[in-house]
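If you count by the numbering used here, then the first sequence holds residues 135 to 560, one letter each, in order. For each residue, glycine too, the CB sits at the ideal point set by N, CA and C. First comes the structure, then the notes that go with it.
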Amino acid sequence: MPQQRQAFQAPAGTRDVLAPDSARWEALVVAFGRQVERAGYGLILSPVFEETGVFVRGMGEGTDVVSKEMYEFRDKGDRHLALRPEGTASVVRAFVQHRPPVVWKAWYVTPAFRYERPQAGRYRQHHQLGVEALGTEDPDLDVEVVTLASRFFAELGLSRVELKVNSMGDANCRPAYIESLRAYLEEHQDELCDEHRERYAANPLRVLDCKDEACVRATANAPRLLESLCGPCAGHFGRVRSGLEALGVEYTIDHRLVRGFDYYTRTAFEFAALALEAAQNGIGGGGRYDGLVEALGGPPTPGIGFAIGIERLLQACDAEGAFPTPATTLDAFVVDLTGGAAARDITDELRTAGLRADRAFDRRSARAQLKAADRSGAELALIVGPDEAAAGTVTVHWLRAEREEERVPRHEVAKAVRDALERARS
RNA sequence: GUGGCCGUAGCUCAGUUGGUUAGAGCGCCAGGUUGUGGCCCUGGAGGUCGGGGGUUCAAGUCCCCUCGGUCACCCCA
135 MPQQRQAFQA PAGTRDVLAP DSARWEALVV AFGRQVERAG YGLILSPVFE ETGVFVRGMG
195 EGTDVVSKEM YEFRDKGDRH LALRPEGTAS VVRAFVQHRP PVVWKAWYVT PAFRYERPQA
255 GRYRQHHQLG VEALGTEDPD LDVEVVTLAS RFFAELGLSR VELKVNSMGD ANCRPAYIES
315 LRAYLEEHQD ELCDEHRERY AANPLRVLDC KDEACVRATA NAPRLLESLC GPCAGHFGRV
375 RSGLEALGVE YTIDHRLVRG FDYYTRTAFE FAALALEAAQ NGIGGGGRYD GLVEALGGPP
435 TPGIGFAIGI ERLLQACDAE GAFPTPATTL DAFVVDLTGG AAARDITDEL RTAGLRADRA
495 FDRRSARAQL KAADRSGAEL ALIVGPDEAA AGTVTVHWLR AEREEERVPR HEVAKAVRDA
555 LERARS
């Protein structure tokens with residue numbers, strides 16, 4: 135008897151996705167890719183780890199994600215590396231490295247790692263779908279990017295998704311705004327929540343984002359980003375709005391919307407799934423980041439993108455009964471009562487012919503094999519017993535339809551299966 | 001990182017105030033049907049009661065630690 139060992143399990147905050155759930159993921163990624171490729175976005179594959187500096191300089195040293203949530207490590211060459219906590223910084227690093235011609239449009243699907251306390255809708259490894267588009271400040275690009283996400287949710291069948299937008303200004307107008315906000319908060323310091331009463335000065339924008347009722351009330355009349363935008367930012371935002379309206383993309387202005395990473399400028403947006411609990415209902419978000427390319431060592435290049443959290447998106451789909459797991463099925467399941475060689479040969483022939491086929495192993499009883507055939511979801515059971523073997527035939531038995539069993543010649547079994555399925559469909 | 005709740009078969013769960021060999025349903029396997037699935041019947045396999053330590057004559061049950069889950073905060077996808 136081997137000593138029993140403690141079974142391993144997946145690390146905290148991570149999980150396995152097995153079939154058939156994984157088929158839903160696959161379908162989701164395929165649907166996303168198909169849609170954004172129609173708009174000229176190309177898939178980018180990039181490493182899941184980068185020099186730590188890519189994220190530190192990209193997202194900002196002071197952000198929670200960078201300061202306390204990164205999976206950092208040193209490799210055997212003593213390099214400082216980190217597992218990517220989000221996708222944008224890596225894509226922009228790749229842009230800086232390769233300098234593709236602009237406008238450059240890329241989409242990705244990637245795991246993202248953050249060392250946080252797990253809870254529903256929040257994992258230490260989660261997955262994101264996203265796009266990035268670099269090389270122009272044209273507000274029509276903002277409109278395109280926001281619209282892609284919005285249309286994607288609609289295509290999945292989600293109806294209860296709210297789009298919130300705001301403008302965060304740029305290097306010209308944001309500093310002045312932050313000062314006026316800081317001054318306002320100083321006056322209303324006593325009214326803030328416990329945490330922000332002491333710490334509002336470090337990052338005044340964060341206070342707008344605070345969900346504590348005290349902060350919400352105290353900032354109700356605070357200066358607004360949109361009202362302090364410089365001329366170019368205001369003009370840009372106006373064109374983004376009119377573009378969205380022209381395309382019929384519904385949105386609401388959220389004066390409190392300030393994205394968490396330092397790189398955001400101008401357009402900021404988030405999608406909330408109203409069918410989910412408010413605490414973790416953000417299913418996607420993004421914005422413009424006109425200074426990020428420079429921050430990572432490239433030439434001044436504006437850009438915009440968004441990321442969608444796959445786990446949360448699927449939770450939202452569950453909550454709305456949308457985008458069900460696609461049924462995986464087989465064309466045929468071979469039941470071999472002669473030892474297994476026939477099943478080996480026939481499944482290979484069928485698969486080579488492009489049909490989906492499986493079989494049972496271990497010389498199980500006819501009943502057991504039929505049961506397995508039923509469970510496999512196959513349309514047909516192909517039965518080979520001593521009779522068929524002697525006659526050079528295969529019995530075609532329908533598992534999902536009331537149809538007569540028939541015998542077909544063994545040497546043209548693939549064609550016979552194809553024909554039978556064809557006939558059944560017409 | 002802080003706090004609350006929870007961990008019993010693959011899954012969903014029972015398990016009296018600590019008391020003999022830990023149960024059910026579903027699933028799985030086999031037989032009833034020597035070559036016909038889904039329904040039914042019968043039987044079977046499968047658990048060091050998350051792990052470790054402690055209290056006790058005796059621990060699934062009480063205590064401590066630890067791992068994991070979950071919820072809230074924080075932050076975000």
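Pull up the CB-CB distance for residue i and residue j, whole angstroms please, since I reckon it's below 8 Å.
i	j	result
glycine 416	phenylalanine 440	With 8 Å as the limit, glycine 416 and phenylalanine 440 do not qualify as a contact, their Cβ atoms being about 12 Å apart.
glutamate 184	arginine 158	Rounded, the Cβ-Cβ distance is 29 Å, inconsistent with contact.
valine 277	leucine 378	6 Å
phenylalanine 189	phenylalanine 286	Going by Cβ atoms, the distance from phenylalanine 189 to phenylalanine 286 rounds to 26 Å, so no, they are not a contact pair.
valine 542	glutamate 483	That belief does not hold up - the Cβ atoms of valine 542 and glutamate 483 are roughly 13 Å apart, past 8 Å.
alanine 310	serine 362	7 Å
glutamate 203	tyrosine 249	5 Å
cysteine 367	glycine 437	Rounded, the Cβ-Cβ distance is 16 Å, inconsistent with contact.
alanine 456	leucine 290	6 Å
alanine 146	arginine 258	7 Å
Can you check DSSP and say which residues form a bridge with residue i?
i	result
aspartate 508	Its beta-bridge partners do not exist; DSSP assigns none.
glycine 176	Ala240
lysine 345	Its beta-bridge partners do not exist; DSSP assigns none.
tryptophan 532	Leu514
proline 181	According to DSSP, proline 181 bridges with nothing at all.
histidine 214	Arg208
phenylalanine 467	Asp492, Ala515
isoleucine 442	Leu263, Gly418
glutamate 404	Lys298, Gly419
phenylalanine 247	Gln259
arginine 541	Thr529
glutamine 143	Note: glutamine 143 sits in no beta bridge, so no partner.
isoleucine 387	Val299
glycine 437	Leu268
glutamine 169	Partner(s): none; glutamine 169 has no beta bridge.
glutamine 253	Arg256
With C-beta atoms as the reference, is residue i less than 9 Å away from residue j?
i	j	result
alanine 254	glutamate 220	no
glutamate 522	arginine 544	yes
leucine 263	alanine 450	no
threonine 186	leucine 426	no
alanine 144	aspartate 150	yes
tyrosine 385	phenylalanine 403	yes
arginine 227	serine 180	yes
isoleucine 178	valine 230	no
serine 510	valine 383	no
alanine 571	glutamate 513	Because the chain here runs from 135 to 560, residue 571 falls outside it and cannot be looked at.
alanine 413	arginine 294	no
valine 518	alanine 491	no
leucine 464	glycine 418	no
phenylalanine 371	leucine 381	no
alanine 477	arginine 501	no
arginine 333	threonine 399	no
leucine 319	valine 170	no
leucine 342	arginine 390	yes
alanine 453	alanine 506	no
So what's residue i in DSSP terms, helix, strand or just coil?
i	result
proline 458	coil
histidine 261	strand
glutamate 195	coil
alanine 550	helix
threonine 353	coil
threonine 222	helix
leucine 268	strand
threonine 399	strand
methionine 135	Reliability of the predicted coordinates at methionine 135 is poor, the pLDDT of 28 falling under 50, and the value obtained from them is presented with this limitation in mind. The answer is coil: DSSP assigns methionine 135 none of H, G, I, E or B.
valine 563	What the structure shows of the chain is the stretch from 135 to 560, and residue 563 is not part of that stretch, so it cannot be assessed.
alanine 161	helix
arginine 497	coil
histidine 322	coil
arginine 233	coil
arginine 227	helix
glycine 431	coil
valine 277	helix
arginine 358	coil
proline 520	helix
proline 154	coil
Check whether the segment 453-460 and the segment 224-242 are in contact - that is, three or more C-beta pairs closer than 8 Å. The segment 453-460 vs the segment 224-242: no contact.
Would you call the segment 469-487 and the segment 429-443 in contact, with 3 or more CB pairs under 8 Å? Below 8 Å, too few C-beta pairs join the segment 469-487 and the segment 429-443 to call them touching: fewer than three.
The segment 264-271 / the segment 294-310 touching (three or more Cβ pairs under 8 Å): Contact check between the segment 264-271 and the segment 294-310: fewer than three CB pairs, one atom from each, fall below 8 Å, which does not count as touching.
Do three or more CB pairs link the segment 301-320 to the segment 351-359 at distances below 8 Å? These segments touch.
Does the pairing of the segment 192-210 with the segment 394-404 give three or more beta-carbon distances under 8 Å? Touching, per the Cβ criterion.
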